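Just remember that this note's numbering sits 49 ahead of the position in the sequence shown, which is counted from 1.
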Amino acid sequence: RVEIDTIPACVWGMVSTRVIVAVHGNMASKTDTATAHLAEFAVQAGWQVLSFDLPEHGDRTGETDFTPWQVVPELQTVLAYLQQHWQGIRLRANSIGAYFSMLAFAGAAIEKALFVSPIVDMERLICDMMQWAKVTPEQLCEKGEITTEFGQTLSWRYLCWVRQHPLDGWQIPTAILYAGQDAMTSRDTVTAFAQKHHAELTVYEPGEHWFHTPAQLDAMQTWERAHR
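Below is the structure:
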């Protein structure tokens with residue numbers, strides 16, 4: 050266990066010149082099952098894995114700013130730490146962690162990125178959630194924040210920030226594992242992203258946005274091993 054400028058982190062594996070930085074998604078942590086599965090094969094292949102807690106997660110549950118304007122600078126701090134300690138860097142990110150990573154790491158010297166269930170169009174996702182909640186742009190602009198029945202808080206500031214920071218600069222070689230039953234990102238959206246950014250797209254049809262069942266975790270680990 051280490052701290053990166055007060056960010057709680059873990060380094061998995063024996064000393065190596067190569068590292069995979071693992072960026073978790075919502076409701077996860079630096080020691081979640083997906084990260085443990087990743088470390089299991091990565092360490093065997095001679096890599097170390099560095100994982101860390103995003104705000105409101107893991108050892109940081111008392112914090113309250115799980116927003117891109119807070120997280121992106123933190124990821125850039127983590128990147129500086131990686132560059133100081135390892136020669137070869139790869140990225141593995143889940144869900145919103147992939148979205149944050151694309152904002153923070155565009156242009157970085159990262160060899161390859163592996164994304165599981167990535168959020169690749171945050172504006173569309175927010176607009177979809179507004180439709181689910183029957184919230185108009187005018188209502189959200191007027192109130193600033195609206196809490197929905199499905200547990201998400203819609204934020205006008207967040208939506209404006211997303212629109213002002215598009216994911217145009219992503220050029221790192223990328224492979225994507227997408228779940229056929231993903232309710233957060235449509236197949237058309239992830240396919241369009243993959244085509245635009247020349248990413249390799251694998252679809253696991255029985256999967257859900259959150260890979261968590263034994264069969265889903267096995268499929269994810271098989272995919273990860275294929276890209277080591």
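No residue lacks a Cβ here, since even glycine has one placed at the ideal position from N, Cα and C.
It should be emphasised that the depicted structure is a prediction, and the values quoted were computed from it without experimental measurement.
For residue i, which residues of its own chain have a beta-carbon under 7 Å away from its beta-carbon, when the five flanking residues on both sides are left out?
| i | result |
| --- | --- |
| D54 | T126 |
| V121 | F149, L152 and A153 |
With a 10 Å radius around its C-beta and 16 neighbouring C-beta atoms as the bar for buried, classify residue i as buried or exposed.
| i | result |
| --- | --- |
| V64 | exposed |
| T84 | buried |
| R50 | exposed |
| K79 | buried |
| M76 | exposed |
| D231 | buried |
| R139 | buried |
| H106 | buried |
| E273 | buried |
| R212 | exposed |
| A58 | buried |
| W118 | exposed |
| T223 | buried |
Go to residue i, then tell me how far its alpha helix (DSSP H) extends in each direction, as first and last residue.
| i | result |
| --- | --- |
| L208 | W205 to Q213 |
| A158 | Note, A158: premise wrong, no alpha helix (DSSP H); not H, not E. |
| Q287 | Residue numbering for the chain in the displayed model covers 50 to 277; residue 287 lies beyond these limits and cannot be assessed. |
| E52 | Segment V51 to I53 is the beta strand (DSSP E) holding E52; no alpha helix (DSSP H) there. |
| W259 | Where W259 is concerned, there is no enclosing alpha helix (DSSP H), given that its DSSP letter is neither H nor E. |
| P167 | Looking at the DSSP string, P167 is not in any alpha helix (DSSP H), and its letter there is neither H nor E. |
| A241 | R236 to K245 |
| M179 | M171 to W181 |
Closest to residue i by CA distance: which of the options is it?
| i | options | result |
| --- | --- | --- |
| E160 | A58, C176 and L131 | L131 |
| I221 | S204, F115, T238 and K245 | K245 |
| L124 | S166, D81 and A71 | A71 |
| W259 | H73, P57, R109 and A58 | H73 |
| L163 | M269, G62 and E52 | M269 |
| L203 | L174, A224 and L103 | L174 |
| G218 | G156, F242 and T196 | G156 |
| L250 | H276, E194 and A264 | H276 |
What are the boundary residues of the beta strand (DSSP E) that residue i is part of?
| i | result |
| --- | --- |
| W219 | Looking at the DSSP string, W219 is not in any beta strand (DSSP E), and its letter there is neither H nor E. |
| E249 | E249 to Y253 |
| T197 | Segment: none, T197 is in no beta strand (DSSP E) and carries neither H nor E. |
| A58 | I56 to W61 |
Short of 6 Å in beta carbon distance, which residues of its chain neighbour residue i, apart from the five on each side in sequence? Order them along the chain.
| i | result |
| --- | --- |
| I145 | G74, N75 and I168 |
| I69 | A91, W96, V98, R139 and R141 |
| A147 | F164 and P167 |
Got a sec? Which residues, its chain only, sit under 8 Å from residue i by beta carbon, not counting five neighbours each side?
| i | result |
| --- | --- |
| L266 | T82, A83, H86 and F260 |
| E198 | A182 |
| M233 | S144, S166, I168, L174 and H258 |
### Task
Identify every run of the beta strand (DSSP E) within the region 66–144, keeping only runs that are complete inside it and at least 3 residues long; order them along the chain.
67–72, 97–101 and 137–143
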